[in-house]
């Protein structure tokens, strides 16, 4: 039995072999994980209250032969909207202009979310969100570089409002990357916090109403017209820029996925008109909570320690195995077990550093930098064209430099090249497992949508869109910056669904899904609200009681192909 407090081993290599064995997942186990994912997804589509919530979002396609979201048709060029993105350490305010030709432009500003705001009263958090929007408009000018609406004297409007005389507000979409039961395009109830947030008196509240109340209290002429999950934003953004997409996935601070599902499979909808009419719908899986029971996920003592000491033990199990918020902590626990090993230490001569002694002290970004140093890419390739052919000793010197600088060792002599190699391998082992598990989620969605079969399947039915490109939009620091993360995912995807299907999967970065994707949702909401105003029917209402589905008017632009 391997303990997280200390290893009992005579050599670094024996200890590394033990760690590798614990973190390596066989192809048979990966296949079982994908099948368990499909079972839990089916449970989430059938009933409420499941760990994988499988939350329906929007009607996308009605009675169409395929379920791929084509490129959105933004008929009016220069459509400009605000987007507010809250999903981690920072919040971001963006002004997004959709040009209608697969391109967009963006101005943005990031604002730090303090621990006090994350854990304090929810009203204080949302007041801060509203203040940040006002600051953005004040500092950079609201759309069209005009004065911010909250500073407009006597209710006068800025240039954006003058150019859109049918509006008395600036439309904003909120990208809110936490589990929400969405009840309308502009309404959703918070189910639980994740990613280190635990703001009080928020669970069960309408997120849009909390934000709109903050705007109204501060007399800021902004209306939150759409609530968007970052995965839905990634899906829509990739569809807009690439011509089509069936899955949007986040592999960053957290992880989640949204995909296009046949309404007939979402049996928990019951007999509401939209379910009877059929078609397809975007579903936000909330797959970070996959297998909270850990019946399929191969847990190590290091995972158990992390979970026990987290703010949400026994929840978000899948996320704790694969997301950037947790990988550094898993690696830190493994490294400490080498430092504290008996009968003699196996790292750094038994010496540690402040960052290693502190929970969450090892950021996943450092794992990326260590791998870059080993591969000779990123800043380690600058001005050194021959580094790709560098010796292992030269590369390990770069790795050691990263460890010394980033972990805060005051005496570099405490770290040998052998130590640097052990740390490099530990980090690689942890992230490789994450990439392989990430592929399980992607493979399961391909199977769920009929575009793939699990390896070993004897089914002979034709696949959906057989022979065609399968668009997958991804976002997040892990998939974007960790070297070879996508390649490691693809290796596992090939094992799970076969070479032919994997070869047709077009994985591309969803360019600012939480910004551009949110703007696309704001465009939908704006068209809907204008249609209601034209008929004298608009009112900003919130839904109470059990979730009810509302179809989205004028959503055809998402499915029109000219």
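In our numbering, the protein residues as written are 79 to 640.
Note that CB positions come from ideal geometry on N, CA and C, so glycine has one too.
The structure displayed is predicted, hence computed values, not measured ones.
Residue pairing by DSSP places residue 566 in no beta bridge whatsoever. A Cβ-Cβ distance of about 44 Å is found for the pair residue 514 and residue 248, leaving them out of contact under the 8 Å criterion. The residues 456, 457, 458, 561, in chain order, have a CB closer than 8 Å to that of residue 450 in the same chain once the five nearest residues on each side in sequence are set aside. The region 119-126 makes no contact with the region 395-411; the number of CB pairs closer than 8 Å stays below 3. For residue 110, the secondary structure class from DSSP, reduced to helix, strand or coil, is helix. Around the beta carbon of residue 272, 16 or more other beta carbons lie within 10 angstroms, which makes this residue buried. The DSSP-derived three-state label of residue 337 is strand. Runs of the beta strand (DSSP E) spanning 3 or more residues and lying entirely within the region 150-221 occur at 157-164, 168-176, 182-190, in chain order. DSSP places residue 326 within a strand segment (E or B) once states are collapsed to three. Measuring C-alpha to C-alpha distances from residue 512 to each of 125, 325, 332 identifies 332 as the nearest. Assignment of residue 543 by DSSP, reduced to helix, strand and coil, places it in the coil class.
Taken in chain order, the complete alpha helix (DSSP H) segments of 4 or more residues contained in the region 561-605 are 563-575, 577-582. Distance from the CA atom of residue 595 to the CA atom of residue 313, rounded to whole angstroms, is 7 Å. Given a length threshold of 4 residues, each whole run of the alpha helix (DSSP H) inside the region 458-527 is given here in chain order: 470-485, 495-526. Of the residues 165, 158, 424, 482, the one whose Cα lies closest to the Cα of residue 448 is 482. Assignment of residue 278 by DSSP, reduced to helix, strand and coil, places it in the strand class.
The C-alpha of residue 391 is placed about 24 Å away from the C-alpha of residue 110.
In the DSSP assignment, residue 288 falls within the unbroken alpha helix (DSSP H) covering 285-295. A straight line joining the alpha-carbon of residue 363 with that of residue 432 spans about 38 Å. With respect to the C-alpha of residue 573, the residue from 539, 521, 279 having the closest C-alpha is 521.
Residue 257 counts as buried, since no fewer than 16 other beta carbons sit within 10 angstroms of its beta carbon. At the C-beta level, residue 477 and residue 496 stay beyond 8 Å of one another. The region 347-357 and the region 319-332 do not touch, with fewer than three beta-carbon pairs separated by less than 8 Å. Between residue 590 and residue 550, the C-beta spacing is not below 8 Å. When the Cα atoms are used, residue 603 and residue 593 turn out to be separated by approximately 15 Å. Residue 341 and residue 91 have their C-alpha atoms roughly 53 Å apart.
The Cβ atoms of residue 597 and residue 174 sit closer than 8 Å to each other. In this model, residue 568 and residue 319 are separated by some 22 Å (Cα to Cα). Taking a contact as a CB-CB distance under 8 Å, the pair residue 270 and residue 281 counts as one, their CB atoms being some 6 Å apart. Taking each of 206, 510, 172, 426 in turn and checking the Cα distance to residue 486, the smallest one comes out for 426. Our two residues, residue 205 and residue 387, have alpha carbons roughly 30 Å apart in a direct line. Here the alpha carbons of residue 94 and residue 274 stand approximately 31 Å from one another. Residue 98: member of the alpha helix (DSSP H) spanning 90-101, first to last residue.
By a beta-carbon distance limit of 8 Å, residue 408 contacts residue 381. Their separation comes to about 7 Å. Residue burial annotation: residue 106 is exposed, with fewer than 16 other C-beta atoms found within 10 angstroms of its C-beta.
Across the structure, residue 165 and residue 552 are spaced so that their CA atoms are roughly 16 Å apart.
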